[in-house]
Amino acid sequence: MILDIARLMLFPALMAFAAASDLFTMTISNRVSLALAAGFLVLALMSGMAPYDILSHVGAGAIVLVVAFGCFAMGWVGGGDAKVAAAAALWFGFGYLLNYLLYASLFGGALTLLLLQFREWPLPYPFASQAWLLKLHAKESGIPYGIALAIGALMIYPETEWIRAVDLAHFALH
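Its first residue numbered 1207, the sequence shown is counted upward by one per residue in our numbering.
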């Protein structure tokens, strides 16, 4: 029961927190990425994931980390975004990695276009006192890509073995 609750809640909660943090502060704490990585390892071991499968998931995360840090070095994404993308890839492994990256890219493109348009309009006076909104509205600010990473992850997560392993009938009876 506890394992099922952890499978249902841990990853989505951490990804939602990463998105909210990026929206309001334009940063994602390293603690979020570390919690995602530790959560994966604990749940993988508790779920009886085979060592080969764990290594495969670690490989997916490592590849995304290398590519994402290349993007960070080019100034295309933030460091927190790169680490969260890699931590999410750890949960998805190679089986869901391309779908995750596709969704994150599509939502990232849409978010970028929306923010660029939003930044062209004057900020309404009642919202001008909100520091986070001023930062989001500033043309020199980056894009809080953690939002797109989280939405992409939350689109894919229900399809994964993490959710398929949950005994949903048990929750319906109690």
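Backbone N, C-alpha and C define an ideal beta-carbon position, used for all residues, glycine too.
For a test of the three-state rule: what should DSSP assign to residue i, helix, strand or coil?
| i | result |
| --- | --- |
| Gly-1348 | coil |
| Trp-1282 | coil |
| Gly-1265 | helix |
| Met-1255 | coil |
| Thr-1231 | helix |
| Ala-1371 | coil |
| Met-1207 | coil |
Do residue j and residue i come within 7 Å of each other at the CB atom, strictly closer than that value?
| i | j | result |
| --- | --- | --- |
| Leu-1296 | Ala-1356 | no |
| Gly-1245 | Leu-1216 | yes |
| Ala-1294 | Leu-1271 | no |
| Ala-1274 | Ala-1288 | yes |
| Tyr-1306 | Gly-1348 | no |
| Pro-1350 | Met-1232 | yes |
| Ala-1354 | Leu-1317 | yes |
| Ser-1262 | Gly-1299 | yes |
Could you check the C-alpha separation between residue i and residue j for me, to the nearest Å?
| i | j | result |
| --- | --- | --- |
| His-1201 | Gly-1315 | In this structure the chain extends from 1207 to 1380, so residue 1201 is not present and cannot be described. |
| Cys-1277 | Arg-1213 | 30 Å |
| Gly-1285 | Asp-1228 | 11 Å |
| Asp-1210 | Tyr-1363 | 14 Å |
| Gly-1301 | Gly-1352 | 22 Å |
| Phe-1223 | Arg-1237 | 11 Å |
| Ala-1268 | Ala-1250 | 17 Å |
| Gln-1336 | Glu-1346 | 17 Å |
| Leu-1322 | Pro-1218 | 27 Å |
| Ile-1260 | Glu-1367 | 13 Å |
| Leu-1360 | Pro-1328 | 32 Å |
| Met-1207 | Ala-1225 | 28 Å |
| Leu-1340 | Phe-1230 | 10 Å |
| Tyr-1309 | Val-1248 | 26 Å |
| Met-1252 | Arg-1370 | 15 Å |
| Ala-1365 | Met-1280 | For the record, residue 1365 in the displayed sequence is Glu; it is not Ala. In a straight line, the C-alpha of Glu-1365 is about 33 Å away from that of Met-1280. |
| Ala-1241 | Trp-1338 | 25 Å |
| Pro-1332 | Leu-1312 | 32 Å |
| Phe-1324 | Ala-1334 | 14 Å |
Since residue i and residue j are thought to touch, with beta carbons under 8 Å apart, how far apart are those beta carbons, to the nearest angstrom?
| i | j | result |
| --- | --- | --- |
| Val-1290 | Ile-1234 | 5 Å |
| Leu-1303 | Ala-1266 | 5 Å |
At 3 residues or longer, what runs of the beta strand (DSSP E) sit wholly inside the segment 1294-1346?
Taking 3 residues as the minimum length, the segment 1294-1346 contains no beta strand (DSSP E) run wholly inside it.
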